[in-house]
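Start counting the sequence shown at 16; every next residue gets the next number (this note's numbering). For glycine and all other residues, C-beta sits at the position ideal for the given N, C-alpha and C. Just so we're clear, the structure is a prediction, and the values are computed from it rather than from any experiment.
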Amino acid sequence: MVTLKIDGKEITVPEGSTILEAARANGIHIPTLCYHPRLAPIGSCRICLVEVEGLEGPVAACTTYVQEGMVVRTQSEELLRLRQEALKLILINHPLDCPQCDMAGECQLQNLVFELGLDKQDYSLREAKERGPKDFTNPLIRYWPSRCVLCLRCVRADHEIVGAGAIELEGNGYEARIAVKDEELCILCGECVRVCPVGALTERTSPVRARPWQREEITTTCPPCSLGCQLRLKVFEGKVIGVGGPEEGLGKGSLCQRGFFGFDFLNHPERIRKPLLRKDGSLVEVEWSEALAVIAANVNRILLDDGPQAVGGILSARLTNEEAYLIGRFMREVVGTSNLDSSARFNLEHYRGALQGAVGRPYLPLSLEEVRS
Numbered sequence: 016m017v018t019l020k021i022d023g024k025e026i027t028v029p030e031g032s033t034i035l036e037a038a039r040a041n042g043i044h045i046p047t048l049c050y051h052p053r054l055a056p057i058g059s060c061r062i063c064l065v066e067v068e069g070l071e072g073p074v075a076a077c078t079t080y081v082q083e084g085m086v087v088r089t090q091s092e093e094l095l096r097l098r099q100e101a102l103k104l105i106l107i108n109h110p111l112d113c114p115q116c117d118m119a120g121e122c123q124l125q126n127l128v129f130e131l132g133l134d135k136q137d138y139s140l141r142e143a144k145e146r147g148p149k150d151f152t153n154p155l156i157r158y159w160p161s162r163c164v165l166c167l168r169c170v171r172a173d174h175e176i177v178g179a180g181a182i183e184l185e186g187n188g189y190e191a192r193i194a195v196k197d198e199e200l201c202i203l204c205g206e207c208v209r210v211c212p213v214g215a216l217t218e219r220t221s222p223v224r225a226r227p228w229q230r231e232e233i234t235t236t237c238p239p240c241s242l243g244c245q246l247r248l249k250v251f252e253g254k255v256i257g258v259g260g261p262e263e264g265l266g267k268g269s270l271c272q273r274g275f276f277g278f279d280f281l282n283h284p285e286r287i288r289k290p291l292l293r294k295d296g297s298l299v300e301v302e303w304s305e306a307l308a309v310i311a312a313n314v315n316r317i318l319l320d321d322g323p324q325a326v327g328g329i330l331s332a333r334l335t336n337e338e339a340y341l342i343g344r345f346m347r348e349v350v351g352t353s354n355l356d357s358s359a360r361f362n363l364e365h366y367r368g369a370l371q372g373a374v375g376r377p378y379l380p381l382s383l384e385e386v387r388s
């Protein structure tokens with residue numbers, strides 16, 4: 016453990032922590048833009064500059080490791096001036112089109128302008144310049160080159176979290192841009208959209224847009240599979256218009272393609288929202304109480320007429336382990352049968368084949384924590 020002082024507050028943090036991590040762990044705010052907790056820090060935005068006693072100039076808090084007895088200041092007139100200057104340089108290449116940007120109201124760059132009190136721009140905006148290939152855009156993701164601030168979050172997420180290597184930084188200086196390395200490597204997971212702080216990458220699956228203060232956010236479990244990832248649904252006027260992944264969820268904010276982009280069925284007019292019961296040859300909506308009563312009556316009738324071995328259960332591959340366990344207990348202890356099967360053994364066969372080829376066995380011999388590390 017290492018003991019140091021930040022803004023006069025003595026704190027103790029694990030050895031190997033950065034100044035930024037130490038500050039955040041102790042409730043001390045340091046502004047950032049290019050930093051993301053799941054990505055390797057690069058210190059490129061210079062917004063997180065802090066002063067350290069004994070050093071000649073300010074250092075980036077996200078890339079500077081703590082040392083025993085270190086004394087750090089996160090706020091001063093000089094630091095504010097340097098942060099404002101760094102922000103002005105970033106804004107030279109960023110159009111102020113906030114009213115029409117999808118990220119307005121939750122844009123980190125916009126928030127920094129307010130936080131640092133930047134009320135004027137001393138430098139003129141450069142002419143908008145293409146910073147990426149036109150074929151970057153696809154049916155799910157839209158790229159706005161002129162909004163890109165080259166924080167490299169998208170590139171780092173693509174390489175460090177997803178491991179796809181589909182996008183990269185190309186060129187130097189003002190000619191630098193985000194480029195597609197290989198379209199076929201992109202798995203369309205939306206991770207680059209999720210980590211972008213400024214609206215340079217947006218999802219294009221929903222035609223409806225709403226500001227953060229207009230919509231409601233609801234946390235739920237992703238339905239397409241049994242992994243149990245958490246979703247944060249963005250709801251406006253009773254319809255889901257977008258999806259995010261809460262950082263505290265199973266995937267730490269990351270979602271697959273179906274989880275991030277596959278929410279349109281929730282608003283489909285033909286979506287089944289209530290149990291359907293066949294009456295007079297037609298399926299009609301009923302309440303759950305009526306549907307469950309019919310199921311119970313039919314199961315009891317079969318048990319009386321033919322015994323428990325005449326009853327069987329089919330489990331969906333989308334159920335969680337806990338739900339599958341409960342159904343198994345119900346069938347064995349209440350109904351009295353072990354006649355259970357699941358479509359999972361067919362649906363997941365391609366995963367088993369991939370694991371067999373990768374690790375030599377049809378299952379992953381690691382826990383989720385071991386996979387993360």
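When rounded, the separation of the alpha-carbon atoms in TYR340 and ASN354 is 14 Å. Taking a 10 Å sphere around the C-beta of ALA312, we find fewer than 16 other C-beta atoms and assign the residue as exposed. Residue state for ARG219 is assigned as coil, using DSSP reduced to three classes. Within the segment 181-260, the alpha helix (DSSP H) runs of at least 4 residues that lie entirely inside it are, in chain order, 206-210. In the DSSP assignment, TYR158 falls within the beta strand (DSSP E) that extends over 156-158. Nearest Cα to ALA101 within the set LEU48, ASN336 and ASP279: LEU48. ALA75 and ALA38 have their C-alpha atoms some 13 Å from each other. Secondary structure at LEU298: strand, using DSSP grouped into helix, strand and coil. By the Cβ test, the segment 314-331 is not in contact with the segment 256-263, since fewer than three Cβ pairs between them sit closer than 8 Å. Taking the Cβ atoms as the reference, PRO56 lies roughly 18 Å from GLU66, outside the contact range of under 8 Å.
Excluding sequence positions up to five before and after ASP279, its CB lies within less than 7 Å of the CB of THR220, all in the same chain and listed in chain order.
Contact between the segment 84-91 and the segment 157-176 is not established, with fewer than three Cβ pairs separated by less than 8 Å. With contacts defined as CB atoms closer than 9 Å, ALA119 and TYR158 fail to qualify as a contacting pair.
As DSSP reads the structure, ILE26 sits in a beta bridge with LEU19.
Cβ contact annotation for GLN324 (same chain, cutoff 8 Å, sequence separation greater than five): THR352 and ASN354, in chain order. Judged by beta-carbon spacing, LEU35 lies beyond the 9 Å limit of GLN82, meaning their Cβ atoms are not closer than that value. Nearest to ALA359 by C-alpha distance, out of PHE345, MET346, ASN336 and VAL374, is ASN336.
ALA369 and TYR189 have their C-alpha atoms some 43 Å from each other.
When beta bridges are read from the DSSP output, ILE329 appears opposite ASP356. Residue pairing for THR33: DSSP places it in a beta bridge opposite TYR80. DSSP places ALA40 in the helix class (H, G or I) of the three-state scheme.
By the CB criterion at 9 Å, GLU121 and ALA172 fall outside the cutoff.
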